[in-house]
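To keep things clear, I will list the structure first and then write my remarks on it.
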Amino acid sequence: MTTGEKKRVINRVKAMYPLRAKVDESYMRSLEAIKAGKPTVWAMLNFCYGDPVLKAMDIEVVYPENYGAALAAAGVAREYLDRADAEGFPTHLCGYSRANFGYAARLMELGGQPPPEAPMGGMPKPLFLLSSVAVCDARYKWFQALGRYLDVPVWTLEAPLPGIREFQLKDCYEEMVRLSTRHLRDFIAFVEKAVGRKMDWDKLDEIANLMMEINRVSHEINELRKAKPCPMHSRDFWSAMPPALFLLGDLKESLQLYKNLYDEVAERVKNGTSAIPEEKYRLVFAELPPWHSLDLFDRLAERGWNFVIESFGYHPPPPVDLSHVSDPIERIARYSLQRMVSNYKDALEKNVVAGVDVYIYLKYVSEWKCDGAFLHPLVSCRSASTHLPHLANILMERLKVPSLIVEGDIVDLRLFNPQDALLRAEPFEEAMEHYRKVRREAGFDW
Amino acid sequence: MAAKGLLRAEEVYHDPTRRVRELRAKGKKVIGYPCVYVPLELLAALDIVPYRICGEMREPVTEADRVLPASFCPIMRSCLDCSLKGRHDFLDGTITVHASDPQEKTARIWQSYTRLPYFHFIDMPGTTRTEALEYFASQLDGMVTTLETFSGKKLSADRLNKAIEAYNQQRLLVQSLFELTKPSPPLVSGTEIVKVIKAVMSLPVDEGNQLLNEVLEEVKARKEKPQAKRARLLLWGSTTDDAAVMSILESNANVVFAEDCAGYRPYRGKVIVATDEVMALAIHYLLEITCARTFVQSTATPTKKDYQQDLQGRYGYLKSIISDWKIDGVILLLVRYCDPFAFEVPAVKDYFASLGIPATYIEYDYTEGSLAPMRTRVEAFLETIG
Amino acid sequence: MRWCLGIDIGSAYSKGALLKGWEIAASAIRLSGIDHRTTAEAIRGELLVGLEGAPQSLTVVATGVGAGNVVFTASRASDIVCTARGISRLFPEARTAIDIGAQSTRVIKLDDKGMVTDFTVSEKCAAGSGRFIEVIANVLRISLDEFGTLSLKSKSPVTFSTGCAVFGESEAITRVAEGVAKEDIAAGVNLALAAKIASLVKRVGLEAPCAVCGGGALNQGLVAAVEKELGVKLLVPSEPRTVTALGAAIQACFGAGS
Amino acid sequence: MAEASPLHHLYFAGIDIGSTMTKAVIIDAAGAVIAAIKGPTGAEHRHLANEVMAKALESAGLKLEEIFRIVATGYGRFNVPFADEHITELSCHARGVYHVFPGARTVVDIGGQDAKCLKVREGRLVDFAMNDKCAAGTGRFLELTAQSLGVGLEGLAALSQKATKPVEISNMCTIFAQQEVVMRLSQGERIEDIIAGLHRALAERVAALARRLGVEPEVVLTGGVAKNAGMVQAMRAALGCDLLVPPEPLLTGALGAALLAKEHTERLLAQGKPLEVKARRLEKATFYTGG
Ligand SMILES: Nc1ncnc2c1ncn2[C@@H]1O[C@H](COP(=O)(O)OP(=O)(O)O)[C@@H](O)[C@H]1O
Ligand SMILES: Nc1ncnc2c1ncn2[C@@H]1O[C@H](COP(=O)(O)OP(=O)(O)O)[C@@H](O)[C@H]1O
Ligand code: SF4
Ligand code: SF4
Ligand code: SF4
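The listed protein sequences correspond, in order, to chains A, B, C and D. According to my numbering, the first sequence is numbered sequentially starting from 27. According to my numbering, the second sequence is numbered sequentially starting from 137. According to my numbering, the third sequence is numbered sequentially starting from 208. According to my numbering, the fourth sequence is numbered sequentially starting from 17.
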């Protein structure tokens, strides 16, 4: 099913393109590195925690979560999913993980050589696996289960997640820091043994600082998007985020590219340039976008829907001054915890006890002045879906902002029907109009 | 309280809240918990009655739909649904743990939609490394702090040690109960055990121990024993606290061991206090509970892992169960969307295969309607093992 | 005099409603069948036949799953919007509308002008739609017309435990064979569906007064069960199935639709 | 005929009460089928069990007392009060298929309410996978969509073979697939292509189930859906291997049940146990309590 002619409506930010290009570049580079026999690690997206360590140790990293998406997009996931079924993995498990089981089974069948049909050259046999307790059970149980195929160890990065109220207890934060710091130190010792090299601490220090700086600029760019009309659409955010999210390629270069992006967006704000022809509605998007149907956003842009903020999981931790922390490990730990911790106090003040992933959208909606939320629960990902019904309730209750819920999936791409989403656009516009009035009457300023 | 032993267990099983309601009417505080990672010793030591919150399979989920998506652990959905329907209004509060995702997510929603006076969430690390253990202990300290404030009492080492003793006693009694399933025919059926354990989880520790003692005595003495059926089965899974499910599994077999959260799992081992009681609890709960939540692996060298060794490390404790209880086959029983356990299925099956024990995986959606197909699966499995 | 026609091509039934000025002049229902084009033509024909003098100006808006096949108009509107307008025309006081169709149940909240303020659509599982009733009616060998009244006679409704409409059918078969009275089974299905509908309503939050429409509203047992679940009386139109078509006609009247 | 067999005067019956169809088979001591009857299960299937049995007896020209042992199978197996034993349809299909195709190692059984894949060795069930959570992926999927297309089950096979390019069916809910079918039609897709698309969707779903077990030849497709040639073709394509279909796919369960009855008796005989026919009446069912 198509969503009509492929007319581009969104006014893309030019400085985004070089950042987007870094993704392909990094795949190419990683392919070459792998051919040259450089140690490669499979890692979960780990939110500024393990990545700087791997980077400082000059280790190639591939991300099976992303690769799962790539397999789906290339239309070859089916075969791997079937394979995972045959291996006895229950079918309700995260689709990315199941595609990866199938892939690993095939990889080992071929003696560790990436299968010829694998897109982008495939992922080579790793030296070790780096999983993370953050976000969902799948993200560490999956790597543990890969032990059936890969005789390599798994390091599981801890990700403390106390409750919003419990965080206020004495020592809670310092205990989190202690856990993370000690854990990272052990991790480094493990990596050193695995690659047979010592950590270059100066390099780690530099990388940690660059990482924070990149994320600071990236954070500032998003702040600019509060402008009316919004100068940068969610699609640009998604396109530009990977270098920061995964620390791709040369960090100094990335920093410059983000600065360029900042300048262009700032220029747009100054000139009142909008990301879409006429901004009638400002929306927030949660969580993972329908990668395969992105032109839906062009169709919605035609109707005046501007997506001004999105996907909490992909956003950088807000900047924090950690210059007084001399130990780079502790600095990395504290910065990484910042992603959740920086919101705890506000969440408690606003009495949102259901966690940061709910609170943050209240913040987004009220600060970016959204008229509506587009929620995209996924059939085979519990994590990006579970909080959405509650989120819809709380946005309505607290801010009088309605939500449009359209179901989809990460692997079974057929489950998202853009036509359906478009059919619901018309009534949803009425709802957004209605609540604009309601908000005004209730004294809100948008 | 006229009924004793199995009859009493049956009574409590069918009306699990009665006793705690009575106690509450007498001024006791009652706190619910849905997951066995909560150290009950800390509650008992502060004179609080812990109550295990269970799902209700026969109750259609109506309220939870408003706050949780459909593809979600049906047990936790059911627990939350019951809460939203006011079924837990006899509780003074709940304690939840970051065990599986559904536990954690439900906890947050729970806290957002119900207004019980006390609520505490324990964060649990993913690994069993030393730093993780210490963090877990610090989380338990946090729970003590909020419990002390809530109860207005101070935790004393003396009372805590007494509580630890009482729960160690409970562990021992449940272990003895499972000893009685070793003979063929077993002296007590799996279905009876489900009822007894659910009853024990709904009573204060001393009453639970008394009940267990009565049951043990009665079962050893009684003439009408369960019959030996086609096969002796091990149940491996998350939580099976419904006697109807167990009786389906037992229609043509004896389930002589239940390795799940309403069976043997919460009662394995005992808390050993060396110096610090809270640390002793942290060690016991994090290391002794054989839940899929904790990440354990065996490494051959820093860069190599050995799968067989890994299986041995993770599931080795099942080996002696298989031989001591003379197990013929294993039912891996999970509710749909139980991710942490589901990821283990192929590995644990591999392990049983290495022991030469047939195993079958059955998934159900925690509704009455799923029982009939479950029966067919179990029967077909029995037919395959002859 | 301005004439406006609304056509709603549903998955099972297609409906038409004709407005003469602000007056509801006629309505029609027929099976959607396979050929939606012809069905649409037939509905138009049926509504216009026998009118004294052909209307000078006729504006048409189409809605429903098959709206694209109503070739004699280019104007379309969303079915959610149309249902809201239709309900508002019949019950201006209604703030919530439940539309129980064959393929899905939709809950729409609306304001005093019939504008949509929120909505939700049932999941992609037929156990939450009117089709569930049809399936069970088939098992019980009773007509849809009898279903509701029969179910109201029940004293002890059966509990349906499955979440699948198709397996619900098997369960009903078993119950019948167990000798359970038909009314108890019918009432059981109505309760099961009502529970689903109620939880859908709770998702957007009930705001009284609440109206119900779509074919499911003809089932009094279901309506009663939903009322009980929600604890409110429901407003039921005399012809609940053509409400969305009526809404489409209203959209035509206001020159809306695209 | 096994003249010398001390069993030669005995007969055995299998009765398979499925969700859609009730089937009965009577065999003689040599395993030859002497009667085979099918009837719709309907809402009164318990009452039907005795009727179908009576019909089978009539067709075989036998009296009830002449049947030595009766095995009931299928989803309604507990509703056959006159049966000596209840065995799941999985084992019965495995046994029945083995009788027809001794080389069978994988059996795919698609019935009205579930789909099963069986791994079979010498007629014995060794492993299985079932789909029974959602009616998508079962025979009912085809039945209901056939109904909404107004072509009937028989029409399905014929039409699907005229397809030139099968349509992609994205809705697996049996009931919503009907909606999609209607939409496809209205988009001008050919009915043949839609039906072929439905077959393909179902076949892919069942094939995924089969792959969970590992598909080893020979592969046999049985159950009511195997009567549909279009589906057989689609399953071949989805599994990427050849498929055998028994001449009477509806009956393999009942046949297997009858064979298992016979084998049980042979075992008794081998153990030197006395053979006595159980006194029984073709009575209506007692109620299934699930226990
Ligand atoms: N006469 C009737 N009595 C009771 N219920 C009916 C009757 N006619 C239809 N229904 C119910 O209404 C549903 C069809 O509703 P309808 O609004 O026509 O659906 P759609 O718009 O999807 O075609 C059927 O599934 C059935 O449950
Ligand atoms: N003549 C036929 N042509 C095509 N399909 C058929 C035919 N007869 C039965 N079927 C299919 O077989 C299914 C019933 O199969 P069966 O094995 O008897 O199931 P059950 O054991 O559950 O009753 C029906 O759902 C239907 O799809
Ligand atoms: S967040 Fe979702 S997609 Fe990612 S690993 Fe977890 S379950 Fe899979
Ligand atoms: S462990 Fe499994 S059954 Fe238990 S709460 Fe978690 S998901 Fe549910
Ligand atoms: S469970 Fe039944 S009604 Fe629901 S999607 Fe599956 S087939 Fe459809």
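The beta-carbon is built from N, C-alpha and C at its ideal position, and this holds for glycine as well.
Check                                                                                                                      : Outcome
is_contact[A131/A, chain D] using C-beta, thresh 8 Å                                                                       : no
4 or more residues per run - each alpha helix (DSSP H) lying fully within the stretch 66-100 of chain A                    : 77-82, 90-99
Helix, strand or coil at A335/B according to DSSP, with G and I counted as helix                                           : helix
Within 8 Å of chain C by C-beta, residues of the stretch 421-434 of chain A in sequence order                              : M422, P428, I431, E433
Ligand 1 heavy atom lying under 7 Å from the CB of Q287/D                                                                  : no
Segment contact flag, the stretch 226-243 of chain D with the stretch 121-128 of chain D, C-beta cutoff 8 Å, min 3 pairs   : yes
Near ligand 4: P140/A beta-carbon under 7 Å from a heavy atom                                                              : no
Rounded C-alpha distance that separates V236/D from G269/D                                                                 : 13 Å
Below-8 Å beta-carbon distance, G273/C vs any chain D residue                                                              : yes
Chain B contacts from the stretch 267-298 of chain D (Cβ-Cβ distance under 9 Å)                                            : none
Short CB-CB distance (under 8 Å) between P402/B and chain A                                                                : no
Own chain residues within Cβ distance below 8 Å of K140/B, not counting five before or after                               : E350, E354
Short Cβ contact (8 Å threshold) for G308/C with G428/C                                                                    : no
Residues that M208/C contacts on chain A, provided the C-beta gap is smaller than 8 Å                                      : Those do not exist, as M208/C stays about 29 Å from chain A at its closest Cβ, beyond 8 Å.
Residue from V291/A, L183/A, N72/A, P343/A whose Cα sits closest to the Cα of R251/A                                       : V291/A
Reduced DSSP category for E360/B - H, G, I as helix; E, B as strand; rest coil                                             : coil
Cβ pair M83/A, D262/A closer than 8 Å                                                                                      : no
Spatial neighbours of Y497/B in its chain, beta-carbon cut-off 6 Å, leaving aside the 5 residues before and after          : L468, V481
At least three beta-carbon pairs within less than 8 Å, the stretch 69-78 of chain D to the stretch 42-55 of chain D        : yes
L159/B Cβ short of 7 Å to ligand 2 heavy atom set                                                                          : no
Segment limits, beta strand (DSSP E) that includes H256/B                                                                  : 254-258
Which listed residue (D209/D, A174/D, I126/D) has its alpha carbon closest to that of A245/D                               : A174/D
Coil, strand or helix - M188/D by DSSP                                                                                     : coil
Those residues which DSSP pairs with W372/B across a bridge                                                                : E395/B, L468/B
Environment of A219/C [buried if 16+ CB atoms lie within 10 Å]                                                             : buried
Three-state class that DSSP yields for P416/C in the structure shown                                                       : coil
For I231/C and S445/C, the rounded distance between their alpha carbons                                                    : 13 Å
Three-state secondary structure (DSSP) of W461/B                                                                           : coil
Members of the stretch 203-233 of chain D near chain A, C-beta cut-off 7 Å                                                 : A224, R227, R228, G230
T190/D Cβ short of 7 Å to ligand 7 heavy atom set                                                                          : You won't find ligand 7 in this model; what it holds is ligand 1, ligand 2, ligand 3, ligand 4 and ligand 5.
Spatial distance of M17/D from E292/D (CA atoms)                                                                           : A caution first: M17/D carries a pLDDT of 42, below 50, which makes its placement in the model unreliable, though a value can still be read off. Cα-Cα distance, rounded: 22 Å.
I302/A beta carbon near ligand 1 (any heavy atom closer than 7 Å)                                                          : no
Any C-beta of chain C under 8 Å from that of D501/B                                                                        : yes
Cut-off 6 Å between Cβ atoms - residues of its own chain near E305/A, not counting five sequence neighbours on either side : P255, N332
CB contact flag (Y173/B, M260/B, <8 Å)                                                                                     : yes
Of the residues A478/B, V484/B, I493/B, L507/B, the one placed nearest C209/B, counting alpha carbons only                 : A478/B
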